[in-house]
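Worksheet: the structure to be examined is printed underneath.
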Amino acid sequence: MDDKNFPEEEPEMGDTASIPNKLEKDLFAKSIGGSCIITPLKTDNVVTGILALYAKKKDLFYNVQSVLEWIANGLSIAIERSGLTASVLKRNQELDSIKQIGRALASSTFDISKVLKYTMDMIRVIMDVEAGSLFFLENEELELAVAFNVKVKIRKKFRLKIGQGIAGHVAASGESIIVNDSKESPHFFPGVDKHTGFKTKTLLCVPMISQGKVLGVIEVLNKKKGGFSLNDEDLLQSIAASVSIAIENARLYKEKVSMVDHERSIRRMFQKFVPKEVLESIIEGEETGKGIVEEFKNLTLLNIDIRGFTKLAMEMGPQKTVFLLNSFFSIMGSIVFKYNGIVDKYLGDGFLAIFGAPVSSINDAENALAAAIEMRDSIKNVNKNFKKELGTSVNIGISIHTGEVVVGNIGFEKKMDYTVIGDAVNTVFRMQEYTKSYPNGIIIGENTKRSVGNGLKVRKINQALGKLKLYELLDIKNISEDSDKMIKA
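Note that the numbering used here has the sequence shown beginning at 87, numbered continuously upward.
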């Protein structure tokens with residue numbers, strides 16, 4: 087009964103023999119011939135109900151009218167408080183649910199799909215709805231990611247274009263929509279129900295937004311008791327905000343993992359050309375802002391070359407030639423790394439190695455000579471394998487020179503090389519010509535000999551390169567303790 091039955095909002099009394107209203111006849115059917123009183127229940131001057139009493143005796147309520155009004159007033163207050171209490175309890179339950187969802191989403195870094203399913207299940211309970219779904223926005227389309235009470239086969243295939251249906255409209259506008267009669271909504275797309283076999287009556291849809299960008303939407307269907315309210319909208323928006331943060335965190339986490347994996351792969355690849363210690367120094371410099379800079383440095387350069395390679399390549403053919411070079415570079419390059427050098431550049435049938443850049447030590451010259459000795463000593467086993475695999479053998483020449491060079495990143499923006507240039511580089515290449523007279527020999531310059539000191543067994547070459555005296559390195563008598571530690575590192 088609404089308040090139009092009480093225009094003056096005062097108690098009405100009378101005998102039950104002349105009741106015009108059918109509802110009232112039903113209420114007082116058992117007391118025909120007696121008396122009744124009906125008084126409104128009001129909250130803030132708004133009628134929220136009635137208190138109706140009846141008795142078999144006539145004129146029973148005339149003397150207790152004021153008492154009944156007082157009772158009605160107290161009852162109105164009690165009902166109001168009861169409603170407020172129920173509302174507060176419901177709100178607390180909703181807040182607890184939001185907290186639970188928030189905690190679950192906070193731990194969703196590794197498997198967000200499981201947490202989204204948990205979230206949708208929580209939404210089903212706290213919002214008391216028949217069905218619900220969560221869509222991700224990808225390439226102007228909404229893809230169904232997780233749902234409840236939606237067929238699995240449909241879930242895997244179902245997509246909506248942006249702007250299509252209520253979910254598509256919410257994704258396009260970034261605004262929530264409440265629909266309490268699907269037939270009256272201009273955005274309702276009946277094709278969804280046709281595909282799913284579900285009959286949508288009422289619907290609430292909210293966007294998931296992160297940094298101003300719509301990531302997707304959450305929609306719930308058919309509230310079991312009544313229609314959707316603004317409180318329901320606020321609740322689902324709060325959940326959607328938490329989900330958006332979790333999705334963004336998951337994306338950032340995946341990017342971080344991808345970057346770490348990419349860095350590892352770069353390290354593995356770069357270590358083919360640069361010793362681990364040198365690589366760590368480069369990376370540390372980048373992280374601290376003290377990266378590699380162009381500079382003059384005093385380095386020791388080593389050039390190794392295969393003698394008579396052109397004729398050898400013509401005899402073997404391309405496949406065997408490439409196999410030989412890769413095998414040769416693998417063995418000799420590993421020796422360079424062992425002694426803390428780096429392979430600067432490959433030069434057809436040889437390469438240039440540098441010792442002392444980007445990280446320098448007092449043992450750079452000694453390390454270069456020790457590497458050269460090991461290269462020379464390894465050629466016997468190298469040729470043994472080449473004889474077996476290719477039916478041939480090789481001779482090498484090694485030249486070593488110490489001098490000042492310019493070192494740094496040289497090239498242009500699309501192709502940069504960390505390399506060295508200068509007279510010392512030209513000198514070590516020119517020295518290579520003298521190795522032709524010394525098969526598998528090592529030719530060093532006066533500067534390198536002076537840098538190492540007396541720990542070398544050498545034989546002076548009668549020829550000189552300008553003013554630079556040249557020597558054939560026969561052996562290293564002893565290596566300093568510091569150098570030995572450096573090599574073992």
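By construction, the Cβ of each residue, glycine as well, lies at the ideal position given by its N, Cα and C atoms.
The structure displayed is predicted, hence computed values, not measured ones.
Ranking C291, S328, A231 by CA distance to the CA of G260 puts C291 first.
By the criterion of at least three beta-carbon pairs nearer than 8 Å, the stretch 264–273 is not in contact with the stretch 221–234. When C-alpha distances from Y204 are compared across V232, D509, K311, the shortest belongs to V232.
For F275, there is no enclosing alpha helix (DSSP H), as DSSP marks it with neither H nor E.
Note on geometry: alpha-carbon atoms of G527 and A336 lie some 60 Å from one another.
DSSP lists no beta-bridge partner residue for V445.
By the neighbour-count criterion, in which a residue is buried when 16 or more other Cβ atoms sit within 10 angstroms of its Cβ, S199 is exposed. By a beta-carbon distance limit of 8 Å, L228 contacts V303. Their separation comes to about 7 Å. Taking C-beta atoms as the reference points, A457 and L388 count as a pair closer than 8 Å. Looking only at H281, N512, V132, the smallest Cα-Cα distance to V491 is reached by N512.
In this structure, the CA atom of A550 is about 29 Å from the CA atom of K466.
The shortest CA-to-CA distance from V480 to any of K470, L289, V429 is the one to K470. With contacts defined as CB atoms closer than 8 Å, V538 and A451 qualify as a contacting pair. In this structure, the CA atom of V133 is about 42 Å from the CA atom of A257. Between V544 and L560, the gap from beta carbon to beta carbon is short of 8 Å. In this chain, the beta strand (DSSP E) harbouring K299 covers 299–309. Bounds of any alpha helix (DSSP H) do not take in T521, whose DSSP letter is neither H nor E.
Sorting I529, F275, E460, L556 by C-alpha distance to the C-alpha of S420 places E460 at the top. For H348, DSSP records no beta bridge to any residue. With three or more CB-CB distances shorter than 8 Å, the stretch 305–315 counts as touching the stretch 209–218. Setting aside the 5 residues that flank it on each side, L127 is surrounded in the same chain by V133, T134, G135, I136, L137, A158, L161, S162, I165, each with a C-beta closer than 8 Å to its C-beta; the list follows chain order. For F441 and Q297, the gap between their C-alpha atoms comes out near 50 Å. In this structure, the straight-line span from the alpha carbon of A326 to that of E381 is close to 56 Å. Using a Cβ distance threshold of 8 Å, F275 and G251 count as a contacting pair. Restricting attention to V343, I392, H255, the CA atom closest to the CA of R462 is found in I392. For L433, there is no enclosing alpha helix (DSSP H), as DSSP marks it with neither H nor E. Classified as buried, I486 has 16 or more neighbouring CB atoms from the shown chains inside 10 Å of its CB. Here Q323 has V292 as same chain residues with Cβ atoms under 6 Å from its own Cβ, once five neighbours each way along the sequence are excluded. In its chain, beyond the 5 residues on either side, L223, A257, G260, P293 have a beta carbon closer than 6 Å to the beta carbon of V300. Of the residues D320, D318, K406, the one whose Cα lies closest to the Cα of K473 is K406.
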